[in-house]
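Chains as they are written, first to last, in the working numbering: chain G, -19 to 306; chain S, 48 to 331.
A virtual CB, placed ideally from N, CA and C, is assigned to each residue, including glycine.
Right under this line is the structure:
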């Protein structure tokens, strides 16, 4: 079979699986919400009405139908692009989610950048300097960074950078008292994203440093690298030219998988720093029983996870043709 | 035959044990986890009073009366950390055990059955892995209420796929080896092969995964409590950190000590897991 047709078949199969995952998550969320204790009619119609009022309201919202009928109606609506109406925001769900998306993308993108710079940078330094002390320090710091919960490290950073040193803002996305425009607004925004992005970047940076270090050590033993050493290539040029590039492939895979998780995975950081992103939104929606918003958010989040997984697999296979798409 | 099989398991167990106990990572992890267990078990003796009780003035810094200070309601932070250790021990143990049981059951079934059942079970495993798992836990707990055992169950129900995949791969590779073929030829039943020849060789890897799962379960429960979704009747490190976030300025100690406790505990679990993985017999 030619490479092109096998790749097409792979894509078809992955796309099918992706659709199944999103459909499964949607069904699961729908069923869970209906199994949950409590009647959503009191959220929609308020307290203190009489029985006939609630009956008429149930009929209005279609809540008098069976779960199966409601589910079919919901799926039809979603397929035509209608994700429902948020109880909490009193506007279409899709608009609410899209409104919160840029904040999460800014935070997530910055934190991925930090993770790669910190993790990959530390691994390259370890490979170039070959110092036992640096190795031990990197290993120790990465173990702690991987184990510490972000909602605690974030508090420590707030204490140091915002309270003690007073150099960075402790939360929010912009300075509330000033109405900044243009370049000043962007600078203010970047100033606010630094601390939460750094906090969020640490666990992934810890994984990246481990994986890329191991991968560099493996590459160092390969014939083409040994040949380059024999030719008299200097240590840092050797690492940067021949070793680091190879080690970047597993890093691409890690970053790609992580990017899909960020929509949901940034929730705890967003909650701590009062960052108005999607994760924070879903936490609020769950707490306020905004069912249409919760269900729609689940659809978006699972779609983003499977989408990034497919893209990541394709990208790693393209970077290293030895990795087959199966 | 029976005697030979028994000695073989015995030898493997001891040699695996000797190898694991030699490792730095396992030792460090073991010490931290052991310390957690001691602290947790001692909590009711050292701090017999209810950790929710008001023990002094609000937000007093660490002193001899309150070594970890008090929080905004005047509750003793040390008592909270000690009782939080007990809670984390419960969550870690129960979470790891149930996730390991689900994982071993499903992974083992897939490996032993093979064919269509294997395919089906592995697709289900991949399906669960592709779901936004932490959010699912958050949503289920916020819909059905934060009861400690419900939280542990939901965490385990989303955490098993990793163990299942590794366990299946292990069992498959062992089933293909000569001594299993020999045992089959000698007339061993499938059940006997599983118990005598396969399971003993998977102990290190299963142990590593259980240890990793314990750390994960502790982190997840703490995250739920941090968000205010935890069990309100139980003192958790997450609850302490959840209230601490609003007083970083006025009382750093409310944040610092529970944070160190949780980081050390999870670090211990992860070190133990790392060590067990690298020290497990490589030919398996």
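- Interface flag for residue 135 (chain G) against chain S is set, since a Cβ pair is found closer than 8 angstroms.
- In the assembly as shown, residue 70 (chain G) is an exposed residue. Its beta-carbon has fewer than 16 other beta-carbons within 10 Å.
- Residue 122 (chain G) and residue 282 (chain G) have their alpha carbons spaced roughly 29 angstroms apart.
- When secondary structure is reduced to three states using DSSP, residue 249 (chain G) falls in the helix class.
- In this structure, residue 260 (chain S) keeps its C-beta atom at 8 angstroms or more from the C-beta atom of residue 155 (chain S).
- Within the stretch 177 to 197 of chain S, the residues whose Cβ lies closer than 8 angstroms to some Cβ of chain G are 177, 178, 179, 181, 182, 183, 185, 186, 187, 189, 190, 191 and 192, listed in chain order.
- Closest by C-alpha distance to residue 202 (chain S), out of S:316, S:230, S:182 and S:99, is S:182.
- No Cβ of chain G is located within less than 8 angstroms of the beta carbon of residue 116 (chain S).
- Secondary structure of residue 221 (chain G) (DSSP, three-state): helix.
- For residue 40 (chain G), the enclosing alpha helix (DSSP H) has its first and last residue at 31 to 41.
- Boundaries of the alpha helix (DSSP H) around residue 127 (chain G): 112 to 127.
- Under the DSSP assignment, residue 137 (chain S) falls in the alpha helix (DSSP H) whose first and last residues are 124 to 160.
- A Cβ-Cβ separation of about 13 angstroms leaves residue 267 (chain G) out of contact with residue 259 (chain G) under the 8 angstroms criterion.
- At a cut-off of 8 angstroms between C-beta atoms, residue 47 (chain G) does not count as an interface residue with respect to chain S.
- Of all C-beta pairs linking the stretch 297 to 311 of chain S to the stretch 106 to 120 of chain S, three or more are shorter than 8 angstroms, placing the two stretches in contact.
- Scanning its chain for C-beta atoms nearer than 7 angstroms, with the 5 sequence neighbours on each side dropped, one finds around residue 256 (chain G) the residues 80, 83 and 153, in chain order.
- When C-beta distances to chain G are compared with 9 angstroms, the residues of the stretch 310 to 321 of chain S below that value are 310, 311, 312, 313, 314, 315, 316, 317, 318 and 321, in chain order.
- With contacts defined as CB atoms closer than 8 angstroms, residue 274 (chain G) and residue 13 (chain G) qualify as a contacting pair.
- Under a 10 Å Cβ-count criterion, residue -12 (chain G) is classified as exposed, with fewer than 16 other Cβ atoms of the shown protein chains found around its own Cβ.
- For the stretch 120 to 135 of chain G, the beta-carbon criterion of a distance under 7 angstroms to any beta-carbon of chain S is satisfied by 123, 124, 126, 127, 128, 129, 131, 132 and 135.
- Annotation for residue 54 (chain G): the continuous alpha helix (DSSP H) segment containing it runs 47 to 59.
- Inclusion of residue 253 (chain S) and residue 240 (chain S) in the CB contact set at 8 angstroms is not warranted, their separation being larger than that value.
- Residue 286 (chain S) and residue 267 (chain S) do not touch by the CB rule: their CB atoms are close to 14 angstroms apart, not below 8 angstroms.
- In the structure shown, the three-state DSSP call for residue 91 (chain S) is helix.
- For residue 160 (chain S), there are no CB contacts under 7 angstroms within the same chain when 5 residues up- and downstream are skipped.
- When the alpha-carbon of residue 244 (chain G) is set against those of G:144, G:280, G:223 and G:198, the nearest one is in G:280.
- DSSP places residue 256 (chain S) in the uninterrupted alpha helix (DSSP H) bounded by 246 to 273.
- Contacts between residue 282 (chain G) and chain S, judged by CB atoms closer than 8 angstroms, involve 177, 178 and 179 in chain order.
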